[in-house]
Amino acid sequence: MEILYSRYANAVIDETVVTQAASNGHVEILQWIYPRLADMLPCYKQYNFYTMKSMALAAEKGHLAVVQWMFETRGRDNEDDQTEKHLHQAAARGGHLHVVKWLRTHLTEAINPRVLDEAAAGGFSEIVTFLHAEWNEAKLEFNRNSCHASARAMNQAASNGHLEMVKWLHEYRKEGCTVEAMNRAAWNGHLDVVCWLHGHRTEGCTQQAMNMAAKRGHLEVVQFLHEHRSEGCTYNAMDWAAQENHLEIVQWLQDNRAEGCSRLTLNEVAKRGHFRILHWLHENRTEGCTVAAMNAAATYGQLKVVQFLHLNRSEGCTTAAMDGAAANNHLEIVQWLHKYRSDGCSRSAMDDAARNGHLEMVRWLDSQRTEGCSTSAMDGAAECGHLDIVQFLHTQRTEGCTIRAMNGAARSGHLAVVQWLHENRQEGCTADAMDDAAKNGHLQVMHFLHANRQEGCTVRALNVASTRGDFVMLEWLRSNFYLNMKEWPIHAGLNAITFNRIEILQWFLKQFSASAVLDVRIFYNAAYYHNRSHILAYLDGHWTIDNENLCEAYKSHWKSLL
34 MEILYSRYAN AVIDETVVTQ AASNGHVEIL QWIYPRLADM LPCYKQYNFY
84 TMKSMALAAE KGHLAVVQWM FETRGRDNED DQTEKHLHQA AARGGHLHVV
134 KWLRTHLTEA INPRVLDEAA AGGFSEIVTF LHAEWNEAKL EFNRNSCHAS
184 ARAMNQAASN GHLEMVKWLH EYRKEGCTVE AMNRAAWNGH LDVVCWLHGH
234 RTEGCTQQAM NMAAKRGHLE VVQFLHEHRS EGCTYNAMDW AAQENHLEIV
284 QWLQDNRAEG CSRLTLNEVA KRGHFRILHW LHENRTEGCT VAAMNAAATY
334 GQLKVVQFLH LNRSEGCTTA AMDGAAANNH LEIVQWLHKY RSDGCSRSAM
384 DDAARNGHLE MVRWLDSQRT EGCSTSAMDG AAECGHLDIV QFLHTQRTEG
434 CTIRAMNGAA RSGHLAVVQW LHENRQEGCT ADAMDDAAKN GHLQVMHFLH
484 ANRQEGCTVR ALNVASTRGD FVMLEWLRSN FYLNMKEWPI HAGLNAITFN
534 RIEILQWFLK QFSASAVLDV RIFYNAAYYH NRSHILAYLD GHWTIDNENL
584 CEAYKSHWKS LL
C-alpha cells in the first residue's frame, strides 16, 4: 500500500478501503490510513469516511480491536454521533460474546430486542444469558437491566433446531413464541423441537407445519403431527411431496389422510420426470391432469413420461408440446410427437429453435413440418450469434428478419453476424445497436457500425459506458461523437457516483464542462445518498484526481484494438 499510496494516493484511500479493512479485521491498515487521510484531506471530518456500516461489519465478524479503534476515532471526529444500535445486533448475529460485552459496556445506545433475538436464533447461549443478566458496568443506565427480546427469539431458535435454547427461553424469559416456532421446526425436520413444543407450549401450529414437512421429506414429523396434533394439512401436502419426489410420504398421506391432492400435481410431476410417482398417481388417484402435463414433459425432455401419458391418459397435449421440445432441442420427442400425435406445432417451434442455436432442429422442422417460422427466427439467431442458422434461414426461408437482428447481434457483440447482415440484408439497425454495444463493451462492433452505418448512437451510450467504468469506450465515444452531444450526460455522471467511479465523474466534468449548464446539486444529492465521502470532498474541491496518464494509456489501448 505504501507503494500505491506514493503514486496514487487518492485512488488508494477512500471510504471503500476503510470498509474493507474494517470488515477483514485489519486495524493496522486503518491506523495507517488515518493520518494519511488527514494529510490528504485536512477537512476530512466533514465527511463520513469511518461509517457505522464499517463498524457493524467488524462487529459481526468479531474484530473487537477494529470496533474499539473506530469507536474511539469516531468519538474524536464525530462527537454527536458515537452510537448505533445495529452494532449490538451485528455482534450478536455473529456470535461474538466479547464484542457484545464491550458494546454493552461502552455504548450509549439502548440495546433493542433484536439483539437477544439474533443471539437466540444462532444458538449462542452465552450471549443470550449475558444479555438476560443485569450488567452494572454498562455506561447507559438502561443497558444495566436485563435486555428486552421478542417472540422471534424462540421462533428462530426452534426454526434452527436449537432445542436447548428453546428450553432456556421457556424457563427464563416471558416473551414466549408464536405458531411460527412449531411450524418452522416442522418445516426444517427438527422432530425433537416439535415434540418439546407440543409438550410444553400452548401456541401450537397451523396446517402449514404438516404441509411443509411433507414437501421437505420429513415423514416422521408428518406422522407425529398427524398422531398428536389436530391441525392437519391441506391438499398441498400431497401436492408438494409428489412434486419433490417423496413417494413414501405420498403413499402415507394416501393411507392416513383424506385431503388428497389437486390435478396440478400430476402436471408438475410429469414436468419433473418423476416417473414412479406419475405411475402411482395415475393408478391410485382420480384427480387426473391437464394438457399441461404432456406439454411440460415434452418441453423438458421426458420422453418416457410423454409416451406414458399418451398411452394411459386422455388429456393429450397442444402445440406447446412440440414447440417446447423444439426450443430445447429434444429432437427425438419432436419426431415422436410428429409421428404419433396430431397436435402439431406453431411457428414458435422454429423461432425458438433458431434463437437457441439448434440448426439440426431447424432443418428438420423446415423439411418435415409446414408451420414455418416468423421474422423472430432470424432475429433471435442473430442476437444469439448463430450465424450458420441466420445463413440457413436467409437461403432456405422467405420470412427474413427485422432491425432487431442487427440490433441484437450488436448488443451481444457478435461482430461476424453484424457484418454479414450489413452485407447481405437490407433491414439495417437503429441507434440502439451502438448504444447497446457500448453498454456491453463491444468496441469492435462500435467501430464497424460507425464506419459502415449511418444510424449513430445517442447519449445513452455514454451513460451505459460510465456504468461499466469503461474508459476505453468513453474515450472512443468522445473522440467520435463529442460534437454531436447536445446535452450534458447527467445520467452518466450519476452512474459514476452510484458505482463509485470518481475518475469517471472527473472525466465527464472535464470533458463536458463547456457544453451545458449543470446543476451540481444533483451530484451532491447522489453522493450523499450513496455515502460517497471522497466524491463529496471532490465536488467541494478538496479531493483531486489526475486522469491524464490513465486516459492516454486507454487511448493507446483502444487504438491497438482497432
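Counting in the working numbering, the sequence shown runs from 34 upward without gaps.
We treat Cβ as the ideally placed atom computed from N, Cα and C, and that holds for glycine.
The Cβ neighbour count for P522, taken over all protein chains shown within 10 Å, is at least 16; the residue is labelled buried. The alpha carbon of N269 has as its nearest neighbour, out of R565, T463, C294, the alpha carbon of C294. If only complete runs of 3 or more residues are kept, the region 122-152 shows no beta strand (DSSP E) anywhere. Cα atoms of H475 and L392: separation of roughly 26 Å, rounded to the nearest angstrom. Judged by DSSP secondary structure, H391 falls outside any alpha helix (DSSP H); it is assigned neither H nor E. With respect to the C-alpha of S381, the residue from R396, A353, K372, Q401 having the closest C-alpha is A353. In summary, V199 is buried, with 16 or more beta-carbon neighbours lying within 10 Å of its beta-carbon over all protein chains present.
N389 has its alpha-carbon roughly 8 Å from the corresponding atom of N361.
Collapsing the DSSP output to three states places W168 in coil. The three-state secondary structure of Y268, taken from DSSP, is coil. Here F82 is near S566, since their CB atoms are less than 7 Å apart. The continuous alpha helix (DSSP H) containing T49 extends over residues 48-56. In the structure shown, E260 adopts helical secondary structure according to DSSP, grouped into three states. Between the C-alpha atoms of V148 and R185 there is a straight-line separation of about 11 Å. Non-local beta-carbon contacts of F514 in its own chain, meaning distances under 8 Å to residues more than five positions away in sequence, involve G489, C490, A494 in chain order.
Contact annotation: the region 269-286 does not touch the region 232-239, with fewer than three C-beta pairs closer than 8 Å.
The three-state secondary structure of P522, taken from DSSP, is coil.
Within the same chain, E320, G321, C322, T323 come within 8 Å of R296 by CB-CB distance, once the 5 residues on both sides are set aside. Note on Q276: 16 or more other CB atoms within 10 angstroms of its CB, so buried under the neighbour-count rule. In this chain, the alpha helix (DSSP H) harbouring H483 covers 476-485. A straight line joining the alpha-carbon of E416 with that of A470 spans about 12 Å. Contact annotation: the region 431-439 touches the region 452-470, with at least three C-beta pairs closer than 8 Å. Rounded to whole angstroms, E281 and A190 show a C-alpha spacing of 29 Å. In the displayed model, D552 falls within coil according to three-state DSSP, outside both helix and strand. Comparing alpha carbon positions, the residue from L202, H455, N457, M479 closest to S445 is M479.
In chain order, A89, A92, E93 place their CB closer than 7 Å to the CB of A123, counting only its own chain and leaving out the 5 sequence neighbours on each side.
For T352, the uninterrupted alpha helix (DSSP H) run begins and ends at 352-360, by DSSP. The criterion of a C-beta distance shorter than 7 Å is satisfied by W102 and V60. Of the residues R206, S192, E197, R137, the one whose Cα lies closest to the Cα of H223 is S192. Listed in chain order, the beta strand (DSSP E) runs fully inside the region 157-235 amount to none, counting runs of at least 3 residues. Non-local beta-carbon contacts of A125 in its own chain, meaning distances under 6 Å to residues more than five positions away in sequence, involve V133, V148, E151, A152, I160 in chain order. Between L299 and L311 a beta carbon distance of about 7 Å is seen, short of the 8 Å cut, so the two are scored as contacting.
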